[in-house]
Amino acid sequence: MTKNIAIIGCGAIGSQLAHYLNDGKILGFRLVALYDEEDEKLNLLEKNLKNKHIGLYADFDKFITSKEFRDTHLLIESASIAAAKAYTNSILNHDKDMMIMSIGAFSDPDFYETTTEIMKKKGNRVYLPTGAIGGSDILRTIRDFITDITLITTKPAKSLKGAPFFRERGINVESFKEKTIVFEGDALEAIKQFPSNVNVSALVSLAGVGFKKTKVMVCIDPSYERNQHEIVVKWKFGEFLIRVKNDPSPDNPKTSYLAILSAIECLRSISDKGFKIGS
Ligand SMILES: NC(=O)c1ccc[n+]([C@@H]2O[C@H](COP(=O)([O-])OP(=O)(O)OC[C@H]3O[C@@H](n4cnc5c(N)ncnc54)[C@H](O)[C@@H]3O)[C@@H](O)[C@H]2O)c1
1191 MTKNIAIIGC GAIGSQLAHY LNDGKILGFR LVALYDEEDE KLNLLEKNLK
1241 NKHIGLYADF DKFITSKEFR DTHLLIESAS IAAAKAYTNS ILNHDKDMMI
1291 MSIGAFSDPD FYETTTEIMK KKGNRVYLPT GAIGGSDILR TIRDFITDIT
1341 LITTKPAKSL KGAPFFRERG INVESFKEKT IVFEGDALEA IKQFPSNVNV
1391 SALVSLAGVG FKKTKVMVCI DPSYERNQHE IVVKWKFGEF LIRVKNDPSP
1441 DNPKTSYLAI LSAIECLRSI SDKGFKIGS
């Protein structure tokens, strides 16, 4: 059965996903609606889509009471942490499945709890793609044996611009002349300070040992063009390092192109039959 999809947030990730779905490149799914609080984003995206038979909504109440929403099986959130927190529980209560990109939302324990409770009651699924890094499989596998885990994120200034960490301290993000560690703390604090930059730390925390026990280091490297994430892990029966160097997406330097591809692969794995590779 073909499943209907709606996308919340039509920026770098949402637009690319909309194009893949609209072009029929992800078998088993059909794009039926787009929701974004900015009309401009909706119109720009719709203008470039081949198939125009899609509901466009800039008002959440109108969206959630629409025929397209009623017919939707899976909603993809690719907007912001605030959007994920505002819409998720209401959508899940309507018996829909979701894919959430703004994973940092789950660093709020109350939000995590209520979402988990609703899923238990309703039996629906929330998919969290691996995003800008891999390794969630191994982290899940060894989570009970991890003794030390650190995520080291290194980005150029343009990928960290606008983060509350710099705004609140009056630091000009462009002023760094050499590689500098700007933040060291737990994943909980990292997400507060860099909500649009370290979604990876949320995935690592959820797959591994939680937000408080996951250490995060954020570095600025002005000579660097890519977004680099390293997960350094020690566990009872070994240790490992996963290092990923990503090109930023052309539409949003904060978002790695890999994150978009990981959402596409997550959709494919939902609809695929046959082998399921990896645990
Ligand atoms: N999981 C990961 O690995 C990963 C990687 C990169 C980005 N992200 C997260 O995914 C989200 C989307 O990233 P992006 O690069 O596409 O961002 P973007 O800024 O390019 O696009 C976000 C879009 O959502 C819309 N939007 C924002 N808040 C909204 C709201 N409350 N209601 C409706 N629409 C709203 C904006 O108008 C914009 O069009 C961000 O939260 C980002 O931090 C996750």
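First residue of the sequence shown? That's 1191 in the numbering used here, and the numbers climb one at a time after it. All residues carry an ideal CB built from backbone N, CA and C; glycine is no exception. If you're wondering where the values come from, they're calculated on a predicted model, not measured in any experiment.
Checklist entry - Pro1319 and Ala1453: beta carbons closer than 8 Å? => result Counted from its first residue, the sequence shown places residue 1319 at position 129. Counted from its first residue, the sequence shown places residue 1453 at position 263. Yes, Cβ-Cβ distance for Pro1319 and Ala1453 is below 8 Å.
Next on the checklist: Could you check if Met1289 belongs to the surroundings of ligand 1, using beta carbon to heavy atom distance under 7 Å?
Outcome noted: The residue labelled residue 1289 in the question sits at position 99 within the sequence shown. For ligand 1, not one heavy atom lies less than 7 Å from the Cβ of Met1289.
Next on the checklist: Counting C-beta neighbours from all protein chains within 10 Å, is the total for Ile1244 16 or more, i.e. buried, or is it exposed?
Outcome noted: Looking up residue 1244 in the sequence shown gives position 54. By the neighbour-count rule (16 or more Cβ atoms within 10 Å), Ile1244 is buried.
Checklist entry - In terms of DSSP beta bridges, what is Glu1267 paired with? => result Numbered from its first residue, the sequence shown carries residue 1267 at position 77. Answer is Ile1198, Ile1290.
Checklist entry - Comparing the CB of Val1390 with every heavy atom of ligand 1, is any distance shorter than 7 Å? => result Counted from its first residue, the sequence shown places residue 1390 at position 200. At least one heavy atom of ligand 1 is nearer than 7 Å to the Cβ of Val1390, so yes.
Next on the checklist: Is Asn1279 near ligand 1 - that is, is its Cβ less than 7 Å away from at least one heavy atom of it?
Outcome noted: Along the sequence shown, one-based indexing puts residue 1279 at 89. No, since every heavy atom of ligand 1 falls outside the 7 Å radius drawn around the Cβ of Asn1279.
Item to check | Whole-angstrom distance between Thr1255 and Thr1340, CA atom to CA atom | outcome: Residue mapping note: residue 1340 aligns to position 150 of the sequence shown, counting from 1. Residue mapping note: residue 1255 aligns to position 65 of the sequence shown, counting from 1. Spanning the two alpha carbons is a distance of roughly 43 Å.
Checklist entry - In the structure shown, what three-state DSSP assignment does Ile1203 receive? => result Residue mapping note: residue 1203 aligns to position 13 of the sequence shown, counting from 1. DSSP places Ile1203 in helix when its eight states are reduced to three.
Next on the checklist: I'd like to confirm something about Cys1200: is its beta-carbon nearer than 7 Å to some heavy atom of ligand 1, or not?
Outcome noted: As a first step, residue 1200 must be located in the sequence shown, where it is residue number 10. Within the cutoff, so yes.
Checklist entry - If you check the beta carbons only, do Val1408 and Ala1380 fall under 8 Å apart? => result Along the sequence shown, one-based indexing puts residue 1408 at 218. Along the sequence shown, one-based indexing puts residue 1380 at 190. Contact flag set, yes.
Checklist entry - With a cut-off of 8 Å, do at least 3 Cβ pairs link the segment 1285-1302 to the segment 1212-1219? => result no
Next on the checklist: Considering Cα atoms alone, identify which of Lys1369, Thr1192, Phe1384, Leu1239 is closest to Gly1375.
Outcome noted: Here residue 1375 refers to the residue found at position 185 when the sequence shown is read from its first residue. Closest by alpha carbon: Phe1384.
Checklist entry - If we cut at 8 Å on Cβ distances, does His1209 have a partner in chain D? => result Note that chain D does not occur in the displayed structure, where there is just one protein chain.
Checklist entry - For Thr1306, does the count of other Cβ atoms within 10 angstroms reach 16, so buried, or fall short, so exposed? => result For this step, residue 1306 is matched to residue 116 along the sequence shown. Exposed, because fewer than 16 other Cβ atoms sit within 10 Å of the Cβ of Thr1306.
Checklist entry - Is Pro1443 helix, strand or coil by DSSP? => result Mapped onto the sequence shown, residue 1443 falls at position 253. Three-state DSSP puts Pro1443 in a strand.
Item to check | Bridge-paired residues (DSSP) for Asp1251 | outcome: Your numbering for residue 1251 matches position 61 in the sequence shown. Note: Asp1251 sits in no beta bridge, so no partner.
Checklist entry - So which of Thr1344, Phe1355, Asn1194, Gly1324 has the shortest CA-CA distance to Thr1370? => result Stepping through the sequence shown from its first residue, residue 1370 is reached at position 180. Closest option to Thr1370, Cα to Cα, is Thr1344.
Checklist entry - So, are the CB atoms of Gln1418 and Lys1435 less than 8 Å apart? => result Numbered from 1 along the sequence shown, position 228 holds the residue referred to as residue 1418. Numbered from 1 along the sequence shown, position 245 holds the residue referred to as residue 1435. Going by C-beta atoms, Gln1418 is nearer than 8 Å to Lys1435.
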